[in-house]
Amino acid sequence: MQTHRLFEIIYLLLDKGQMTASELASHFEVSVRTIYRDIDRLSISGVPIYTNVGKNGGIALMDGYTLDKSILSDAEQNEILMALQSLKAVEYPDPDGLLTKLGTFFKKNQQSWIEVDFTGWGGSIQDRERSEELKNAILNRRTIHFSYWSADGKKSQRTADPIKLLFKGHNWYLQAYCHTRQDYRVFKLFRIQDLQVLGDTFEPYPAVPFTETAKTVMTPLHFTILKNRAYRVYDEFAGAQVTPLPGGDFDVRTCLPVDNWLIGYLLSFGGDLILHSPKPLCATLKEELEKALAHYAQF
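FYI, the UniProt record's numbering numbers position 148 of the sequence shown as 148, with every residue one higher than the one before it.
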């Protein structure tokens with residue numbers, strides 16, 4: 001923890017130019033005495049750090065100082081390089097160039113140990129362009145306008161301030177403050193159409209947990225999946241309560257939002273899923289299956 005604090009002190013001073021011991025103590029939630037001990041340690045290690053006394057005094061670094069790699073341990077250098085590798089997955093601008101520069105700075109021939117691709121197998125150029133536009137709108141704090149298809153098939157027009165992107169449960173989502181609803185909302189990225197980045201800008205929003213902005217009611221579900229769909233059980237229900245049954249089938253208990261998406265999802269198992277509860281959803285599935293069967297009555 002101490003090493004991390006020393007590194008962050010340097011980072012803060014490089015960013016702000018000067019800070020008081022009280023400001024640093026408040027930031028790290030430690031005593032002023034601890035901050036002065038940290039300053040002594042940095043000075044002993046060769047960092048040109050000094051204090052100014054008087055009304056406008058504070059702690060600062062010598063002009064022209066740049067970060068010395070020796071402030072980071074070998075493990076911390078590796079963590080930075082590995083974190084940059086993961087940025088490729090979200091198409092961070094030129095991570096390879098930054099990796100090369102830092103690898104040279106740290107004198108490391110960094111091996112690419114992981115590759116992550118969040119795009120779907122059929123991902124289009126339009127999907128990538130939309131993601132890039134949203135990323136830039138978030139970073140530049142630009143208001144956006146778009147058409148949105150809800151899970152019940154309704155189309156609406158939304159104006160929103162984009163806050164962050166989140167990858168969860170095989171899908172990308174946008175957390176935003178929706179002007180239309182006057183509240184935080186979560187939008188599924190693939191349902192966002194006709195995206196426009198407006199000229200309006202906005203101030204940063206306070207951090208709000210993603211779960212608090214997802215206005216979703218979760219409903220307990222209980223169903224059986226037959227053994228020939230075992231691969232889907234392992235792929236799609238890792239976080240659910242799954243009980244193998246004699247004969248190879250699976251008893252599954254989980255919580256999901258009941259909407260049109262869920263109905264289509266359950267129907268995608270065909271006759272290999274038996275829903276036990278909730279009963280109203282069982283009736284809905286039966287109705288949908290009867291409608292589908294009616295289309296093929298002539299065959």
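The C-beta atom is built at its ideal place from N, Cα and C for all residues, glycine as well.
Put residue i into one of helix, strand or coil per three-state DSSP.
| i | result |
| --- | --- |
| residue 28 | helix |
| residue 197 | strand |
| residue 141 | coil |
| residue 185 | strand |
| residue 13 | helix |
| residue 38 | helix |
| residue 55 | coil |
| residue 277 | strand |
| residue 205 | coil |
Do you know offhand how far residue i's Cα is from residue j's?
| i | j | result |
| --- | --- | --- |
| residue 258 | residue 49 | 59 Å |
| residue 164 | residue 47 | 36 Å |
| residue 293 | residue 264 | 15 Å |
| residue 226 | residue 237 | 14 Å |
| residue 179 | residue 218 | 25 Å |
| residue 9 | residue 251 | 53 Å |
| residue 129 | residue 195 | 10 Å |
| residue 161 | residue 241 | 37 Å |
| residue 53 | residue 140 | 38 Å |
| residue 192 | residue 278 | 31 Å |
| residue 273 | residue 168 | 24 Å |
| residue 189 | residue 220 | 26 Å |
| residue 201 | residue 75 | 40 Å |
Please go through the same chain and pick out, in chain order, the residues whose beta-carbon is closer than 6 Å to the beta-carbon of residue i, but skip the five residues on each side of it.
| i | result |
| --- | --- |
| residue 261 | 151 |
| residue 126 | none |
Residue i bridges to which residues according to DSSP?
| i | result |
| --- | --- |
| residue 218 | 257 |
| residue 155 | 149 |
| residue 241 | 253 |
Can you find the residues in the same chain that come closer than 8 Å, C-beta to C-beta, to residue i, ignoring five residues on each side of it along the sequence?
| i | result |
| --- | --- |
| residue 12 | 19, 24, 27 |
| residue 136 | 142, 197 |
| residue 288 | 263, 267 |
| residue 224 | 245, 249, 250, 251, 252, 273, 274, 276 |
| residue 269 | 225, 229, 232 |
| residue 42 | 6, 9, 10, 49 |
CB-CB under 7 Å to residue i, same chain, minus the five flanking residues each way: which ones, in chain order?
| i | result |
| --- | --- |
| residue 60 | 13, 17, 18, 50, 52 |
| residue 21 | 32, 35, 36, 59 |
| residue 65 | 48 |
| residue 281 | 258, 275 |
| residue 208 | 184 |
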